[in-house]
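What follows is a set of notes on a single structure, which appears directly below.
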Amino acid sequence: MEFNKDDYMELLKVRGRGALGEKMGIEVIEASPERMVGTMPVEGNTQPMGLLHGGASVVLAESLGSIAAQLHAGPDRRIVGIEVNA
2 MEFNKDDYME
12 LLKVRGRGAL
22 GEKMGIEVIE
32 ASPERMVGTM
42 PVEGNTQPMG
52 LLHGGASVVL
62 AESLGSIAAQ
72 LHAGPDRRIV
82 GIEVNA
């Protein structure tokens, strides 16, 4: 089965509607098995002192890492995050 990155990214958009990444404003800018670039606004993802919440950084890292891992693994494997340490 051939892996189509564009189809996978479109599927992520559909499945991600209403999910945590969307609520936090995470956007994928560039995605390939070798490189993953994404953004997330600080506004709306802060702790009480107005700085970026550490948990938001973890969500960004795990979200982008899972997408990159799936792109690297290909169509015959499924990738899920099972543990995050910060």
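Each residue of the sequence shown is one higher than the one before, counting from 2 in my numbering. Quick reminder that beta carbons are idealized off the backbone N, C-alpha and C, glycines included.
Evaluate contact between the stretch 11-18 and the stretch 43-58, counting only Cβ atoms and requiring at least three cross-stretch pairs below 8 Å. Remark: fewer than three beta-carbon pairs, one from each stretch, lie closer than 8 Å, so the stretch 11-18 and the stretch 43-58 are not flagged as touching.
Quick check: residue 72 and residue 24, are their CB atoms within less than 8 Å of each other? For residue 72 and residue 24, no; Cβs fall outside 8 Å.
Just curious, the alpha helix (DSSP H) that residue 15 is in, first and last residue? Looking at the DSSP string, the run of the alpha helix (DSSP H) that includes residue 15 is 6-16.
Residue 29, enclosing beta strand (DSSP E) - first and last residue: Run containing residue 29: 28-32, per the beta strand (DSSP E) assignment.
Where do the ends of the beta strand (DSSP E) carrying residue 22 lie? Residue 22 -> not in any beta strand (DSSP E); alpha helix (DSSP H) instead, spanning 21-24.
Within a Cβ cutoff of 6 Å, which residues of the same chain sit near residue 97, ignoring the five residues on either side of it in sequence? In the structure as shown, the chain begins at 2 and stops at 87. Residue 97 is therefore absent and cannot be evaluated.
Can you tell which of 69, 20 and 58 has its C-alpha closest to the C-alpha of residue 79? Ranking 69, 20 and 58 by CA distance to the CA of residue 79 puts 69 first.
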